[in-house]
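Residue numbers (UniProt numbering): 1 to 103.
Structure record follows, encoded as structure tokens.
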Amino acid sequence: MQPMRLYSSLWNADQWATRGGLVKTDWSKAPFTASYRNFRADACVSHTGKPSCPAGSPRWLSHRFDLTAENNMRVVQRKFMVYNYCTDSKRFPQGFPKECGIH
């Protein structure tokens, strides 16, 4: 057994992920770096489309915020979120991805 690794990528999304190009990426600040602290992945992978989590395992995907956590999330989204692909009907004219329906 070996530890898993996590990689991220950055791409130029100036035309679709920045309020229609209103917010530009300042490429003079490149290279961009990020780090992950205390990251813990907890997932059940399914290759058949059916849940593959053992019985009794935590169901993180069905977790619901309490009212305080939900309000805190909305404040953070309002203050800091520049783009939400789950509201971008120009990018997804045929319908949004499945994960957009999860609340």
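All C-beta atoms, glycine included, are put in the ideal place defined by N, C-alpha and C.
Item: Extent of the continuous alpha helix (DSSP H) run through Glu99; Value: No alpha helix (DSSP H) contains Glu99, which DSSP labels as neither H nor E.
Item: Where Tyr36 falls: helix, strand or coil (DSSP); Value: coil
Item: Assigned secondary structure, Trp27 (DSSP; H/G/I helix, E/B strand, else coil); Value: helix
Item: Lys24 beta carbon less than 8 Å from that of Thr33; Value: no
Item: Contacting residues, own chain, Cβ-Cβ under 6 Å from Val82 (five flanking each side not counted); Value: Val23
Item: Length of the line joining the Cα atoms of Leu67 and Met73; Value: 10 Å
Item: Whole-angstrom distance between Gly101 and Arg78, CA atom to CA atom; Value: 19 Å
Item: Distance between Gln15 and Trp27 (C-alpha atoms, nearest Å); Value: 15 Å
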